[in-house]
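Undergrad:
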Amino acid sequence: MIYFDHNATTPLDGRVLEAMSPFLTSFYCNPSSLYRHGRLARSAVDTAREQVAALLDTTAASIIFTSGGTEANNLALASIPVGGKLAVAATEHPSISEPAKRLGRQGHGLAVIAVDADGLLTEDALTKLDAFQPQFISVMLANNETGVIQDVARYAGAWRDKGIIVHTDAVQAAGKVPVSFKQLNVHLLSLSSHKIYGPKGCGALVFDKSVPINPLIVGGGQEQDLRSGTENVAAIVGFGKAAELAKAGLAESGQRLLALRNLLEARLAEIPGLTIFAQSALRLPNTVQFGLPHVDGEMLLMKLDKKNIAVSSGSACASGGSEPSPVLTAMGVGPALAKSALRLSLGQSSTEAEISQFITVLKGLVCQA
Amino acid sequence: MTDIYLDNNATTKVDHAVVDVMIPYFLEQYGNPSSIHKFADGVAKGIKNARQQVQNLIGCEHDSEIIFTSCGTESNSTAILSAIKAQPNKKEIITTTVEHPAILSLCEALEKEGYTIHRMPVDKAGRLNLEAYKKLLSDQVAIVSVMWANNETGTLFPVVEMAELANAAGVMFHTDAVQAVGKIPMMLQDTKIDMLSLSGHKLHAPKGIGVLYLRRGTRYRPLLRGGHQERGRRAGTENTASIVGLGKACELALEHIEYENTHVKAMRDRLERGITEQIPHCFVTGDLYNRLPNTTDIAFEYIEGEAILMLLNKAGIAASSGSACTSGSLEPSHVMRAMDIPYTAAHGTIRFSFSRYNSMHEVDEVLKVMPGVVATLRKLSPYWEGDGPVASPEQAFKPTYA
């Protein structure tokens with residue numbers, strides 16, 4: 001089995017499971033309970049908060065634990081003032097773009113910020129954005145399909161100065177490239193645990209105290225009254241451990257993955273007509289998305305699947321649709337080529353041997369077709 | 370872990386059999402169930418199986434009526450916000466004064482937005498007046514939200530009957546059944562309940578997983594958007610391991626439901642009898658004849674619950690002085706105030722909540738410790754002198770509370 005779909009989800013790191021296990025069966029107390037073991041659960045949650053904060057170069061007090069990246073993105077959008085205008089990049093994940101469209105239909109002004117062929121915000125779009133005068137802007141840090149990294153820090157300061165609330169979805173960037181909440185200069189940042197070898201069902205919204213958050217889930221007052229519900233202690237502990245491991249291994253894994261990706265791209269270039277999307281742009285070291293003329297991406301995906309190779313044709317959250325990828329469409333890729341797209345996302349377990357094997361299989365399938 | 374854990378209404382230990390079914394979904398079957406490669410197939414099957422296990426426990430008609438959420442609180446928020454968004458012209462909500470903070474806080478927030486909240490009072494035994502309830506039902510009401518079992522006293526509300534009354538009046542009915550599921554039998558398909566919340570960590574599944582039951586045909590608006598998961602009703606990558614764990618926990622709960630209502634109940638009854646027989650000036654709160662089998666809430670007059678807990682903690686016994694979500698506050702719990710328990714007793718209430726992991730031996734250990742704890746604290750109490758309370762305790766010491 002070759003798993004090249006780490007942007008969809010990652011396996012749990014064995015060390016993460018080890019950190020979590022005691023909190024499932026032994027130290028299972030409710031962190032809001034006052035007795036000894038309740039306090040122990042509380043302190044484990046506090047430690048995890050420090051670990052996640054360290055990965056993002058921020059303070060523990062700025063972390064709100066959520067049930068995942070989608071909830072974090074939804075919660076970020078809930079800070080939009082009543083009737084306020086919002087702008088989101090054309091390449092956002094559905095957990096931003098879909099609720100944004102809905103807010104647009106409900107009478108909030110909505111602008112979609114155009115991108116160029118490399119998936120980067122265009123000067124023209126930025127000028128239009130100034131004229132639109134939004135109160136909230138969301139631009140993802142690294143794209144889930146293409147891996148393109150947006151220079152959010154370059155724009156965020158100026159937007160802030162205009163009183164705009166700035167959010168970035170860093171779900172794909174965190175753990176793959178260095179992410180500093182401070183240097184990005186945004187108000188809000190979303191994160192997901194299961195993209196960094198932590199458990200599913202856990203994520204975080206990092207927030208700047210100057211932004212009034214409207215909680216989505218109210219009740220017991222947990223997470224500074226911004227996200228109620230008994231803390232998911234074991235998963236939070238696992239998320240913390242995963243963040244710690246990601247931070248410790250960041251430089252080394254970044255170099256290793258980039259070397260593997262360079263190899264992969266060099267080998268992909270052997271296939272005539274193959275296009276790597278946004279190849280010249282700054283991208284995540286683990287991600288490559290390509291298209292092949294006259295090929296149906298989903299068919300190819302299924303053929304690869306039969307050969308025990310797991311890849312993706314785009315975002316797992318949008319799988320099952322027959323529409324071409326909105327990300328590629330926004331980058332000006334024609335519908336035929338966009339529908340041929342495959343995304344490969346490498347991870348800890350990926351090896352040179354897997355890449356060679358993949359290329360051999362791919363060449364066989366493409367020639368056959 | 371604390372040697373004797375009698376706080377199972379706060380949270381429960383994850384059953385080892387539950388952990389065992391979860392582990393493969395962490396390490397091997399870790400695919401994103403939305404992916405279309407076969408690596409995700411096993412994951413999708415695991416989720417489907419779990420949905421059926423939940424379905425069997427709550428007795429609903431279709432497994433598609435099960436929506437997995439991140440917790441009971443999310444289920445509660447989703448249910449109420451869905452009802453008001455789906456029926457924007459209805460501006461009233463009926464609930465009770467003794468709901469969990471998850472419901473009460475949300476209702477307070479909605480009150481500020483202009484909603485009229487009818488909070489039904491309870492009598493001294495924690496019971497509702499159904500005649501008063503009938504009068505509140507009207508076409509202005511967006512939703513009735515009434516808990517199935519109270520987290521502090523274990524008192525059961527007649528939600529099946531109340532749902533029928535709501536249904537007859539054309540009003541949507543939600544129940545927070547976080548404490549009831551797995552402790553008492555239920556068959557939702559024979560009721561008119563439209564929505565029900567349950568929480569994994571109250572029934573030996575992990576924290577961070579819950580369910581909203583949504584009767585087929587009930588109008589609905591999602592809380593979390595931006596992904597087609599859970600048939601578009603709850604976006605976000607499925608928390609596979611926890612979902613599979615919850616399924617197993619539901620299967621085990623169903624297997625043990627008779628045990629819960631015989632053996633667990635017997636432990637509770639023995640503790641309750643032992644304490645009330647041995648210790649003067651204490652009484653059980655709530656509806657003694659209509660309660661969860663695992664819960665007893667005992668008011669010890671003239672002393673502080675928090676102090677009792679601390680001494681119990683030293684003896685290796687974990688219990689609670691109210692909802693864990695309101696712990697840390699020195700106010701008597703809203704449930705005790707709603708039942709009009711005098712403050713000299715309301716401050717001294719302790720909830721003992723059992724699970725199938727407890728034993729009769731543990732009950733006997735607690736019974737050995739409890740009289741000494743209470744006697745020690747009463748010696749320090751301004752309401753207590755020698756062998757009994759002072760002549761007029763209400764006058765002896767009057768603290769003021771914010």
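In order, the protein sequence lines correspond to chains R and W. Counting in the numbering used here, the first sequence runs from 1 upward without gaps. Counting in the numbering used here, the second sequence runs from 370 upward without gaps. We put the beta carbon where it would ideally sit given N, CA and C, even for glycine.
#1: I need the DSSP call for V547/W, collapsed to helix, strand or coil.
#2: Helix, strand or coil for M489/W? Go by DSSP, reduced to three states.
#3: Taking only three categories from DSSP, how would you classify C317/R?
#4: Is the shortest distance between the beta-carbon of R588/W and the beta-carbons of chain R less than 8 Å?
#5: Residues bridged to P178/R by DSSP?
#6: Using C-beta distances below 6 Å, list every residue in its chain close to L344/R, excluding the 5 sequence neighbours before and after it, in chain order.
#7: What are the boundary residues of the alpha helix (DSSP H) that includes H716/W?
#8: For the structure I just gave you, are there three or more beta carbon pairs, one from the segment 246–256 of chain R and one from the segment 613–633 of chain W, closer than 8 Å?
#9: Below 9 Å between beta carbons is the criterion; list the residues of the segment 416–443 of chain W that meet it against any residue of chain R, in chain order.
#10: Quick one: what does DSSP say M370/W is sitting in, helix, strand or coil?
#11: Any residues in the segment 188–213 of chain R with a beta carbon nearer than 8 Å to a beta carbon of chain W? Which ones, in chain order?
#12: How about C694/W: is its C-beta nearer than 8 Å to some C-beta of chain R?
#13: Note down, in chain order, each residue of its chain lying with its Cβ closer than 7 Å to the Cβ of A242/R, except the 5 sequence neighbours on either side.
#14: So, helix, strand or coil for G291/R, using DSSP?
#15: Below 8 Å, can you find three or more Cβ-Cβ pairs linking the segment 160–174 of chain R to the segment 131–142 of chain R?
#16: At 8 Å on the CB atoms, spell out the chain W contacts of Y155/R, in chain order.
#17: Mind checking who V206/R pairs with in its DSSP beta bridge?
#18: Listed in chain order, which residues of the segment 371–392 of chain W have Cβ atoms closer than 9 Å to some Cβ of chain R?
#19: At 9 Å on the CB atoms, spell out the chain R contacts of G755/W, in chain order.
#20: Taking a Cβ distance cut-off of 7 Å, strictly less, list which residues of the segment 717–749 of chain W are near chain R, in chain order.
#21: Near K460/W, which residues of its chain fall below 8 Å by C-beta distance, leaving aside the five closest residues on each side in sequence?
#22: Is V82/R buried or exposed, if buried means 16 or more other CB atoms sit within 10 Å of its CB?
#23: Does the beta carbon of E607/W sit closer than 8 Å to a beta carbon anywhere in chain R?
#24: What are the boundary residues of the beta strand (DSSP E) that G579/W is part of?
#25: Measuring straight from C-alpha to C-alpha, what distance separates R420/W and G616/W?
#26: Would you kindly work out how many angstroms separate the C-alpha atoms of V491/W and L499/W, rounded to a whole number?
#27: Ordered along the chain, which non-local residues of its own chain (more than five positions away) have a Cβ less than 8 Å from that of A386/W?
#28: Take every Cβ of the segment 451–466 of chain W, pair it with every Cβ of the segment 549–560 of chain W, and state whether three or more of those distances are shorter than 8 Å.
#29: Are there three or more Cβ pairs, one per stretch, closer than 8 Å when the segment 711–723 of chain W is compared with the segment 667–683 of chain W?
#30: Please compile the residues from chain W whose C-beta is within a distance smaller than 7 Å of the C-beta of T168/R.
#31: Would N520/W pass as an interface residue toward chain R - the criterion being a Cβ-Cβ separation below 8 Å?
#32: Roughly how many angstroms separate the alpha carbons of H93/R and Q106/R, rounded to a whole number?
#33: List the residues of chain R that S514/W touches, going by C-beta distances under 8 Å, in chain order.
#34: Would you say R160/R faces chain W, with C-beta separation under 8 Å as the test?
#35: Expressed to the nearest angstrom, what Euclidean distance is found between the alpha-carbon atoms of S43/R and L274/R?
#36: Does the distance from the C-beta atom of E145/R to that of G605/W stay below 8 Å?
TA: Short version:
#1: coil
#2: strand
#3: Any reading at C317/R needs caution, since the residue's pLDDT is 49, under 50, leaving its predicted position unreliable; the model's value is listed next. Helix.
#4: no
#5: DSSP, once it has assigned bridges, lists no residue as partnering P178/R.
#6: In the same chain as L344/R, and ignoring 5 residues on each side of it, the C-beta atoms closer than 6 Å to its own belong to F4, V288 and V311, in chain order.
#7: Following the DSSP letters along the chain, one finds H716/W in no alpha helix (DSSP H), marked with neither H nor E.
#8: No, they do not touch.
#9: T438, S439, C440, G441, T442 and E443
#10: Any reading at M370/W is ruled out, since the residue's pLDDT is 45, under 50, leaving its predicted position unreliable.
#11: S192, H194, P199, K200, G201 and C202
#12: Because the pLDDT at C694/W is just 49, under 50, the model does not fix this residue reliably, and the point stays unresolved.
#13: Result list for A242/R: D13, V16, S193, I196, Y197 and G198, in chain order.
#14: strand
#15: yes
#16: Neighbours of Y155/R on chain W: none; closest Cβ ~23 Å, over 8 Å.
#17: I63/R and L189/R
#18: Look at the segment 371–392 of chain W: the residues with a C-beta under 9 Å from a C-beta of chain R are T371, Y374, D376, A379, T380, T381, K382, V383, D384, H385, V387, V388, M391 and I392.
#19: Residues of chain R passing the Cβ test: none, with the nearest at roughly 31 Å.
#20: Against chain R - using a Cβ distance shorter than 7 Å - the segment 717–749 of chain W contributes no residues.
#21: G483, Y484, T485, Q509 and A511
#22: By the neighbour-count definition (other C-beta atoms within 10 Å, threshold 16), V82/R is an exposed residue.
#23: With respect to chain R, the C-beta atom of E607/W has a partner C-beta closer than 8 Å.
#24: Per DSSP, the unbroken beta strand (DSSP E) holding G579/W starts and ends at G579 to L583.
#25: 7 Å
#26: The straight-line gap from Cα to Cα measures roughly 10 Å.
#27: Around A386/W: K617 and L621.
#28: Fewer than three pairs of CB atoms, one per stretch, sit closer than 8 Å, so the segment 451–466 of chain W makes no contact with the segment 549–560 of chain W.
#29: yes
#30: Those within 7 Å of T168/R in chain W number zero; the least Cβ separation is about 16 Å.
#31: It does not: the Cβ of N520/W has no partner Cβ on chain R nearer than 8 Å.
#32: So the alpha carbons of these two residues sit roughly 20 Å apart.
#33: Result: empty, since nearest Cβ-Cβ is about 12 Å, beyond 8 Å.
#34: no
#35: 52 Å
#36: Going by C-beta atoms, E145/R is not nearer than 8 Å to G605/W.
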